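Below is one structure; the comments refer to it alone.
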Amino acid sequence: MSDPNPIIWLRRERGARGPAPTYSRERIAEVAIALADGEGIEAVTMRRIAKELGTGAMTLYRYLPNKEDLYAVVIDRALGFEAQEPTGDARADLATFARRYRETLRRHPWLAHAMAGRPIMGPNMLRANERDLALVDGRGLSIDDMVHVVNLIRHWVTGAGQAETAEREAALRSGEDRKAWQERMGPYVTELLATGRFPYLERLVHEARHGGHDEQFEAGLAILLDGVEARFPALSGPPGNEPPERS
């Protein structure tokens, strides 16, 4: 028995016969992404997209019948696809992957939250998954371990990106950048330190370098990749290594 409501990727965008459609999923997604980038994902509705296109919302439902379909196409379009061939240096390749993914999330600050949950399995997402797993292939890792490595980096980059976005949004809401916020918090922190109950906070205040987002990202990425290589030593050598023995 066929599914009366198949996922969007199983539906043809247009029939083999008849006039060419006025719009396309791609064009609808482009408008939706522009709205989300400028106003947040909450602004993305069929009614709003239709207004931007100068048509009625009911017209667009012929292309994307429901919100789930709309979000699937929009997310996949925003992810895009950028080729990356393995160089033989897995650590360098994984670092490039992490930085590339970070830039995608920075272009679309709403994307990380929108992707939470089950994967949408769109064409760009599938191609990206093949590309990213290829970076750790040929080194004796099982497919499960390959997925663990790639997902670990994705999840860490996503978390770092969400933290950066949250700080930026807080600054916009309050009108205070990080420096202004720290200055306003100064008297409170001074009182806390005077109690002697927060030795690590005192070290943070007097010893920590507090680098910018880029510096923090690179430091965290280096620690993450050190851990990946410690867990899977084959990744630190050339392709073709045998899987390491596990204790």
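If you want my numbering, it's the 1-based position in the sequence shown plus 1235.
From the three backbone atoms N, C-alpha and C, an ideal C-beta is built for every residue, glycine too.
These numbers were taken from a predicted model, which means no experiment stands behind them.
inquiry  = Considering Cα atoms alone, identify which of A1465, E1277, D1367, G1396 is closest to F1452.
reply    = The shortest Cα separation from F1452 among A1465, E1277, D1367, G1396 belongs to G1396.
inquiry  = Buried or exposed for H1445, going by 16 or more other Cβ atoms inside 10 Å?
reply    = Exposed: under 16 other Cβ atoms inside 10 Å.
task = Pull up the CB-CB distance for P1321 and D1311, whole angstroms please, since I reckon it's below 8 Å.
result = About 24 Å separates the two Cβ atoms, so there is no contact after all.
key: Nearest-angstrom beta carbon gap, L1314 and M1281 [assumed within contact, 8 Å]   = The pair is not a contact, with the Cβ atoms about 21 Å apart (cut-off 8 Å).
message = Which of the three DSSP states is assigned to V1440 in this structure?
response = helix
key: Simplified DSSP state of N1301, which is helix, strand or coil   = Reduced to three states, the DSSP call for N1301 is coil.
message = What does the Cβ neighbour count give for L1299, buried or exposed, with the cut at 16 atoms within 10 Å?
response = With 16 or more other Cβ atoms within 10 Å, it is buried.
ask   = Near E1248, which residues of its chain fall below 8 Å by C-beta distance, leaving aside the five closest residues on each side in sequence?
value = P1256, S1259, R1260, Y1298
request  = Please specify which runs of the alpha helix (DSSP H), each continuous and at least 4 residues long, are wholly inside the stretch 1361-1419, giving them in chain order.
outcome  = 1378-1409
ask   = Which value, in whole angstroms, describes the spacing of the CA atoms of A1406 and I1355?
value = 32 Å
key: S1471, DSSP secondary structure in three states   = S1471: helix per DSSP, three-state reduction.
query = Grouping DSSP H, G and I as helix and E and B as strand, with all else coil, what is N1240?
reply = coil
request  = Assign P1479 to one of three DSSP states: helix, strand, or coil.
outcome  = Its pLDDT being 45, under 50, P1479 is placed unreliably by the model, and the measurement read from it follows with that caveat. It is coil, neither helix nor strand.
request  = Report yes or no: do the stretch 1281-1290 and the stretch 1265-1272 share at least 3 C-beta pairs separated by less than 8 Å?
outcome  = Yes, the stretch 1281-1290 is in contact with the stretch 1265-1272.
request  = Measure how close the beta-carbons of T1400 and P1344 come, nearest whole angstrom, since I'm counting them as under 8 Å.
outcome  = Your pair T1400 and P1344 checks out as a contact, with CB atoms roughly 4 Å apart and the cut at 8 Å.
inquiry  = I'd like to know whether the C-beta atoms of V1463 and L1387 end up nearer to each other than 9 Å.
reply    = yes
query = Sorted by chain position, which residues of the same chain lie with C-beta nearer than 6 Å to I1243's C-beta, five sequence neighbours on each side aside?
reply = The beta carbon of I1243 sits closer than 6 Å to those of D1304, A1307, all from its chain and outside the five residues before and after it, given in chain order.
query = For I1378, is the classification buried or exposed, using 16 other Cβ atoms within 10 angstroms of its Cβ as the cut-off for buried?
reply = exposed
First through last residue of the alpha helix (DSSP H) which encompasses T1339 = Unbroken alpha helix (DSSP H) run through T1339: 1325-1342.
inquiry  = Quick check on this structure: which residue in R1366, R1262, V1309, A1415 has the alpha carbon closest to the alpha carbon of F1316?
reply    = R1366
task = Could you have a look at A1493 and say whether DSSP puts it in helix, strand or coil?
result = As shown, the chain starts at 1236 and ends at 1482. That puts residue 1493 outside it, with no answer to give.
query = What residue does the alpha helix (DSSP H) around R1282 start on, and which one ends it?
reply = 1281-1288
inquiry  = Quick check on Q1319: does DSSP put it in helix, strand or coil?
reply    = coil
Whether Y1435 touches V1392 by CB criterion (9 Å) = no
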